[in-house]
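*Asks:* Let me give you the structure first, and then I'll get to my questions.
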Amino acid sequence: MKRRKFLKRASLTGIGVAVGTTILANTPSNKVNEIEENLLTNTKENFPIVISTWNVPNATKKAGILIEEGGTSLDAIEKGCMIEEADLNNHSVGNGGRPDRDGHVTLDACIMDKNGNYGSVVYMQNIVHAIAVARKVMEDTPHVILAGKGAEEFAISKGFKKTNLLTEASKKAWEEWKKESNYQPLINIENHDTIGMLAIDKYGDISGGCTTSGLAYKMAGRVGDSPIIGSGLFIDNQVGGATATGMGEEVLKTVGSFLIVELMRQGKSPQEACEEAILRIVTKNDNYKKFQVGYIAINKKGETGYYSIHEYFSVSIYKDNNCINLPSDFFNKTK
Ligand code: ASP
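Just so it is clear: in the sequence shown, position 268 is 279 by the numbering used here, and no numbers are missing.
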């Protein structure tokens, strides 16, 4: 089903269109429908705009307000993602993230700017704001990726505070998990709250970021797609940007975000490009019923697209002083 029809149905029946709680508490539903309709039909420039993976109103609003006020998309991405990293209730990002199978919380993050610059940290421990460290890697070093201890020491040298990221709640859940030690990432639930964010500022410039503690109870040393350029994130300021969430191994194998941007370059809409990138995964992988992948994309005009393998992926969009959470269309409709 085409996304437009899917959303229409969702709005008409009143199912599935959730409204970012704190932000849209006072927004009448006809206004929500109007925003939704504009996002789908606008053929003019549609920015400033922010789109994030999942229902993350606080992070998306933070970024959205920043660009509404004339800030750059790069600052908006960094500050927006930092909100999720600091949120102890989000167990897939930053502080409070689920640990690996040995009890270590290890963070992956990357950021990309309008000039195609990129910075990333992988397998970093003890520092909350991985996205901000990634930005420092991009701006203050001759490198693009720093890993593990090196990333942590670099962060400390830049004034970041050492913090124990394993909260009591995450420790308890890990101890419970250890009783069976069964590694089976769950579709949509807690393993996949990675925040990927794309923004276009008032000047028409695109930036993006992605930050995660990775899959819960992964092997020590595991790095996912999120901090890897072209997989978890890719921006080309002439074309658009894309970012991913879900089973990182599958995104890595298909270089998903780069693929989406290249498909948009060839003329596909963000929605068509996301759908094709999901198809690449499911057609190569009989196992797709067991894992989730979700993509979001934006093009230079500010048109958005999003698609996932399974139901219940959603996106947060900030536009014209409003933030909405919209359900994504998905591939596996066999239920
Ligand atoms: N993509 C992330 C990873 O594989 C996980 C997620 O989206 O939650 O590390």
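Cβ atoms here follow ideal geometry from the backbone N, Cα and C, with glycine treated the same way.
(1) Kindly list the residues whose CB is nearer than 7 Å to the CB of residue 332, restricted to its own chain and excluding five residues on each side of it in sequence; keep chain order.
(2) Specify the secondary structure class of residue 320 as computed by DSSP and reduced to three states.
(3) Mapping the DSSP letters down to three states, classify residue 275 as helix, strand or coil.
(4) If the criterion is Cβ atoms closer than 8 Å, does the pair residue 235 and residue 226 meet it?
(5) May I have a chain-ordered list of the beta strand (DSSP E) segments no shorter than 3 residues that lie completely inside the segment 280 to 343?
(6) Please go through the same chain and pick out, in chain order, the residues whose beta-carbon is closer than 8 Å to the beta-carbon of residue 181, but skip the five residues on each side of it.
(7) Residue 242 to residue 261, Cα distance in whole Å?
(8) Would you check whether the ligand ASP has a heavy atom nearer than 7 Å to the C-beta of residue 236?
(9) Taking the alpha carbon of residue 256 as the point to measure from, which residue in 320, 90, 73 has its own alpha carbon closest?
(10) Which word fits residue 168, buried or exposed, when buried means at least 16 other C-beta atoms lie within 10 angstroms of its C-beta?
(11) Under 8 Å, do residue 129 and residue 121 count as touching if we go by C-beta distance?
(12) Measuring alpha carbon to alpha carbon, tell me which of 88, 149, 299 ends up nearest residue 258.
(13) Measuring straight from C-alpha to C-alpha, what distance separates residue 294 and residue 339?
(14) Using DSSP with H/G/I as helix, E/B as strand and the rest coil, what is residue 245?
(15) Classify residue 192 as buried or exposed, calling it buried when 16 or more other Cβ atoms lie within 10 Å of its own Cβ.
(16) Quick one: give me the first and last residue of the beta strand (DSSP E) that residue 222 is part of.
(17) In three-state terms, what does DSSP make of residue 76?
(18) Quickly, what does DSSP pair residue 209 with across the bridge? List them, please.
(19) Please work out which residues of its chain come closer than 7 Å, Cβ to Cβ, to residue 322, disregarding the five sequence neighbours upstream and downstream, and give them in chain order.
(20) Taking Cβ to Cβ, would you say residue 57 is nearer than 8 Å to residue 313?
(21) From what residue to what residue does the beta strand (DSSP E) around residue 122 run?
(22) So the candidates are 83, 211, 87, 178; which of them puts its Cα closest to the Cα of residue 249?
(23) So, helix, strand or coil for residue 192, using DSSP?
(24) Give the secondary structure of residue 135 by DSSP, where H, G and I count as helix, E and B as strand, and everything else as coil.
(25) For residue 306 versus residue 74, is the C-beta spacing smaller than 8 Å?
(26) How would you label residue 36, buried or exposed, when you count the other beta carbons within 10 angstroms and need 16 or more for buried?
(27) Whose C-beta lies closer than 6 Å to the C-beta of residue 91 among residues of the same chain, with five residues either side of it excluded?
(28) Mark residue 277 as exposed unless 16 or more other C-beta atoms lie within 10 angstroms of its C-beta, in which case mark it buried.
(29) Compute the minimum distance between the beta carbon of residue 177 and the heavy atoms of the ligand ASP, and state whether it is under 7 Å.
*Replies:* Taking the definition as stated:
(1) 79
(2) Residue state for residue 320 is assigned as coil, using DSSP reduced to three classes.
(3) helix
(4) yes
(5) 304 to 310, 315 to 319, 325 to 330, 333 to 338
(6) 102, 107, 108, 109, 110, 116
(7) 9 Å
(8) yes
(9) 320
(10) By the Cβ-count criterion, residue 168 is exposed, with fewer than 16 other Cβ atoms from all chains shown falling within 10 Å of its own Cβ.
(11) The answer is yes: Cβ separation under 8 Å.
(12) If you compare the alpha carbons of 88, 149, 299 with that of residue 258, the shortest gap goes to 299.
(13) 20 Å
(14) strand
(15) Looking at its Cβ environment, which holds fewer than 16 other Cβ atoms inside 10 Å, residue 192 is exposed.
(16) 217 to 223
(17) Helix.
(18) 62, 219
(19) 341
(20) yes
(21) Note, residue 122: beta strand (DSSP E), 118 to 123.
(22) The shortest C-alpha separation from residue 249 is found at 211.
(23) coil
(24) In the structure shown, residue 135 sits in a strand (DSSP, three-state: E or B).
(25) Residue 74 sits away from residue 306, with the two beta carbons spaced by 8 Å or more.
(26) Only weak support exists for where residue 36 lies, its pLDDT of 36 falling under 50; the value from the coordinates is given anyway. That one is exposed.
(27) 70, 73, 74, 208
(28) exposed
(29) Outside the cutoff, so no.
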